[in-house]
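One point on numbering: in my numbering, the residue at position 39 of the sequence shown is 45, and numbering is uninterrupted. C-beta: ideal position from N, C-alpha, C; glycine also. Quick notes on the structure that follows.
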Amino acid sequence: MRGVEVSTTYAPRHYKILGLVDQYPSTTFIETTRGRMSILDYMRERYEIILEYPNLPMLKMNKKSECLIPLECLRIYMKYKGYRDRLNAHITDIVKRITQLPQQMFTTTRKLVEISGLKETAPEIVIKIVPVYLSDKWEAHQKTVERFLKQLQDQFNVWFSSDGGRYEVVTTVEQPNTEHLERKLIKIANSAKEEDNVVLLMNFLPEQERGCRNRRIMRSDLYDAVKTICDVNGIPNQCINMLVLVNQGGAKAYADNIVRKINTKMNGKTNMLTREGNQPSPANLLMDYYAAQNTMFIGIFSSKSPRADRCPSVHAMAYNVDPYAASYMSTYRYQDGFDDNIHDIKAMFDECLEGFCEEVGPPLKILILRGGISDSVQLEVFEREEALIQQSIGKFRNDFKDKLSNWWPQVCYLNVSRTNLRFCTEKTELEGFDNLKPGTVVREHVTESPNDWYMTSHIGRLGTSKPALYRLRSSTWTDADGTATLERDVEQLCHNLCFLLGRSVFSVAVPTPIYNAQLVVDRCRAYKRHNISGDYKQADLPSDTTYRQYYG
Numbered sequence: 007m008r009g010v011e012v013s014t015t016y017a018p019r020h021y022k023i024l025g026l027v028d029q030y031p032s033t034t035f036i037e038t039t040r041g042r043m044s045i046l047d048y049m050r051e052r053y054e055i056i057l058e059y060p061n062l063p064m065l066k067m068n069k070k071s072e073c074l075i076p077l078e079c080l081r082i083y084m085k086y087k088g089y090r091d092r093l094n095a096h097i098t099d100i101v102k103r104i105t106q107l108p109q110q111m112f113t114t115t116r117k118l119v120e121i122s123g124l125k126e127t128a129p130e131i132v133i134k135i136v137p138v139y140l141s142d143k144w145e146a147h148q149k150t151v152e153r154f155l156k157q158l159q160d161q162f163n164v165w166f167s168s169d170g171g172r173y174e175v176v177t178t179v180e181q182p183n184t185e186h187l188e189r190k191l192i193k194i195a196n197s198a199k200e201e202d203n204v205v206l207l208m209n210f211l212p213e214q215e216r217g218c219r220n221r222r223i224m225r226s227d228l229y230d231a232v233k234t235i236c237d238v239n240g241i242p243n244q245c246i247n248m249l250v251l252v253n254q255g256g257a258k259a260y261a262d263n264i265v266r267k268i269n270t271k272m273n274g275k276t277n278m279l280t281r282e283g284n285q286p287s288p289a290n291l292l293m294d295y296y297a298a299q300n301t302m303f304i305g306i307f308s309s310k311s312p313r314a315d316r317c318p319s320v321h322a323m324a325y326n327v328d329p330y331a332a333s334y335m336s337t338y339r340y341q342d343g344f345d346d347n348i349h350d351i352k353a354m355f356d357e358c359l360e361g362f363c364e365e366v367g368p369p370l371k372i373l374i375l376r377g378g379i380s381d382s383v384q385l386e387v388f389e390r391e392e393a394l395i396q397q398s399i400g401k402f403r404n405d406f407k408d409k410l411s412n413w414w415p416q417v418c419y420l421n422v423s424r425t426n427l428r429f430c431t432e433k434t435e436l437e438g439f440d441n442l443k444p445g446t447v448v449r450e451h452v453t454e455s456p457n458d459w460y461m462t463s464h465i466g467r468l469g470t471s472k473p474a475l476y477r478l479r480s481s482t483w484t485d486a487d488g489t490a491t492l493e494r495d496v497e498q499l500c501h502n503l504c505f506l507l508g509r510s511v512f513s514v515a516v517p518t519p520i521y522n523a524q525l526v527v528d529r530c531r532a533y534k535r536h537n538i539s540g541d542y543k544q545a546d547l548p549s550d551t552t553y554r555q556y557y558g
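Here it is in structure tokens:
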């Protein structure tokens, strides 16, 4: 709103907005004839105005001498008719932003007030995006790539503050051949590296050869090589399929999707469910409650290899490092054989618990979402994992008994699996059958236990949507008054987590923690396919954790 003309509600005064400031009516004091008073008290005494939101930041105005005015005391000033079209468009934009769906809220790691005008004391990090073309049809693709890079920069400018150039897309396209690819990619990244910036390689890869079952995926050998080289050497990267890019025909939606993926990779918070910027709702209030409880969300996913496959089995955990579950870290293990049990689960859980405590603090509640195992072994795996997780919690508590003497988190364990079932609404004369609306829960007549339910959390865009099956194995969660947490709260919480996948504009079929764990498993398989004899225990990621969600 910088530069917008406004007027005060308590007097006929007009100003132009300079920006938000880190000062609040309840904590900012001024000298008056009655002595030193806070702006909150001054507005009540002088103008009989009771501020409902005294913790909102104030706006700085430039009327002769600068002054500060609470947000609630302002309205947009329509000076004459020539301003109406511009201000109406501005008001429409504001209304769209505050009424958008939760999954469409788009924020970065910078705080909202900082993006709106506050300056930081430390220099802002510039993320330089360097395009690397690895296909062999440059003359045919040149205009498409150049147009896409321009759209990408425009989308970054729309979503993020231009102060300091947070994201900078380089227009010069590197075109190395694929021989000695590792040395060339490292050289490109090092040559573009400057002080106070991070280099991200955007690799344009060719599609599969003709005759392949699915040409819309990138060449697997080249994709695996690029991902392994970049991740192991700590180089942020994003791969683009040239066939998909050409078929998009310059659609801005594709550039917007890539912006979301890059922001997620660089530890940005793309999707958030909070009360900031929109009206309170049950979903927002529920996330606020569990954020205040330092709730830890862990997704566990197992992928067993076919017996003819030379790659070992992979087990991964993804856990939030943000109270609102908008940012994640992960750990994984390779495992020989085809056992559903994770042999090293205790050490993996220790890593997750330590990482969460470093970023957020000791969790008071833990939600474990387990996937990737068949229904026949779920109970057996649960009994083993629950015992080992409780042992890990006890060991962590004993190691820090001087600080965590009274700490014992409440744990809720859920099995989550995708199904081939399909539910639909009753047929009508006008519309026929239709998909269920997102958030629909089915727990009667078709479930084996009262603790089971099916939930459709995503929009069925093609065909009939398939719900996910949730099985509540155990829960020690209690509310503030000591009563057991209702299953409805757990259902709502799982539904909320389906909206928080940073790379997706829409909700997904399973909660974000387990979805991220599955992405980690897919990346681990790429490492092993590239070098079947290699032992990649963990990618050598940068120590500043800028690139910790590399699998996004």
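Which value, in whole angstroms, describes the spacing of the CA atoms of L77 and L65?
-> In this model, L77 and L65 are separated by some 7 Å (Cα to Cα).
In DSSP terms, what C317 is bridged to = Looking at the DSSP output, C317 bridges to nothing.
What's the gap between the Cα of A297 and the Cα of P329?
-> Roughly 5 Å between the two C-alpha positions.
Starting from L191 and walking both ways along the alpha helix (DSSP H), at which residues does that stretch end?
-> It spans 187-198 - the alpha helix (DSSP H) in which L191 sits, taken as one unbroken run.
Tell me, which residues are paired with A322 by DSSP?
-> F307, Y338, per the DSSP bridge assignment.
Determine the direct distance from the alpha carbon of P31 to that of Y59, and round the result to whole angstroms.
-> Cα atoms of Y59 and P31: separation of roughly 9 Å, rounded to the nearest angstrom.
Check R116 in the structure and name its three-state DSSP category.
-> Since pLDDT at R116 reaches only 33, below the 50 mark, its modelled position is unreliable, and no value is offered.
Kindly indicate which three-state DSSP category D485 falls into: helix, strand or coil?
-> In this structure, D485 counts as coil in the three-state DSSP scheme.
Start-to-end residues for the alpha helix (DSSP H) that takes in I235 | It spans 226-238 - the alpha helix (DSSP H) in which I235 sits, taken as one unbroken run.
Tell me H20's beta-bridge partners as DSSP assigns them.
-> Partner(s): S13.
List the endpoints of the continuous alpha helix (DSSP H) containing W144.
-> Note, W144: alpha helix (DSSP H), 144-165.
Would you check if the stretch 394-406 and the stretch 336-356 touch, i.e. whether three or more CB-CB distances between them fall below 8 Å?
-> Judged by pairs of C-beta atoms under 8 Å, the stretch 336-356 touches the stretch 394-406, as three or more such pairs exist.
Whole angstroms is fine: what's the gap from E51's alpha carbon to G41's?
-> Rounded to whole angstroms, E51 to G41 spans 12 Å at the Cα level.
From this set, R189, I379, N247, K199, which residue's C-alpha is nearest V238's C-alpha?
-> V238 has its Cα closest to that of R189, out of R189, I379, N247, K199.
Go to Q244, then tell me how far its beta strand (DSSP E) extends in each direction, as first and last residue.
-> 243-247 is the extent of the beta strand (DSSP E) around Q244.
Grouping DSSP H, G and I as helix and E and B as strand, with all else coil, what is N426?
-> Three-state DSSP puts N426 in coil, outside helix and strand.
Taking C-beta to C-beta, are P63 and L24 nearer than 8 Å?
-> No.
Spell out a yes or no on whether the stretch 503-522 and the stretch 261-281 are touching, meaning 3 or more CB-CB pairs, one atom from each, closer than 8 Å.
-> Yes: at least three Cβ pairs fall under 8 Å.
Outcome for D408 when other beta-carbon atoms lying within 10 angstroms are tallied against a minimum of 16 | D408 is exposed by the Cβ-count criterion.
Would you kindly work out how many angstroms separate the C-alpha atoms of K193 and E180, rounded to a whole number?
-> Distance from the CA atom of K193 to the CA atom of E180, rounded to whole angstroms, is 11 Å.
Does any residue of chain D bring its CB to less than 8 Å from the CB of S411?
-> As a matter of chain content, chain D is missing from the structure shown, which is built from one protein chain.
Just grab the DSSP bridge partners of S480 for me.
-> Paired residues: Y419.
C-alpha distance - T14 paired with I56, whole-angstrom precision | Computed Cα separation, rounded: 15 Å.
Would you decide whether W144 is buried or exposed? Buried here means 16 or more other CB atoms lie within 10 Å of its CB.
-> Within a 10 Å sphere around the beta-carbon of W144 sit fewer than 16 other beta-carbons, which makes this residue exposed.
Excluding sequence positions up to five away, which residues of its chain have a Cβ less than 6 Å from the Cβ of Y557?
-> Same-chain partners within the cutoff: L525, V526, R529.
For Y30, the three-state DSSP class (helix, strand or coil) | Looking at Y30 - three-state DSSP - the assignment turns out to be coil, as it is neither helix nor strand.
In angstroms with no decimal places, state the Cα-to-Cα distance between L370 and M302.
-> If you draw a straight line from the Cα of L370 to the Cα of M302, it is about 8 Å long.
Where G377 falls: helix, strand or coil (DSSP) = Reduced to three states, the DSSP call for G377 is strand.
CB contact flag (L207, L228, <8 Å) | At a Cβ-Cβ threshold of 8 Å, L207 and L228 do not count as neighbours.
Which residue's Cα is closest to the Cα of S423: E174, R376, E72, D202?
-> Of E174, R376, E72, D202, the residue nearest in Cα terms is R376.
Contacts around R339, its chain only, beta-carbon distance under 6 Å, and the 5 residues preceding and following it disregarded | Only H321, D350 meet the Cβ criterion.
Indicate whether S463 and C504 have their beta-carbon atoms separated by less than 8 Å.
-> In contact: S463 and C504 (Cβ atoms closer than 8 Å).
Is M208 helix, strand or coil when you go by DSSP?
-> DSSP, read as helix, strand or coil, puts M208 in strand.
Near F402, which residues of its chain fall below 6 Å by C-beta distance, leaving aside the five closest residues on each side in sequence?
-> The answer, listed in chain order, is L359.
Report the rounded CA-to-CA distance for E365 versus N273, giving the unit in angstroms.
-> Their Cα atoms are separated by approximately 13 Å.
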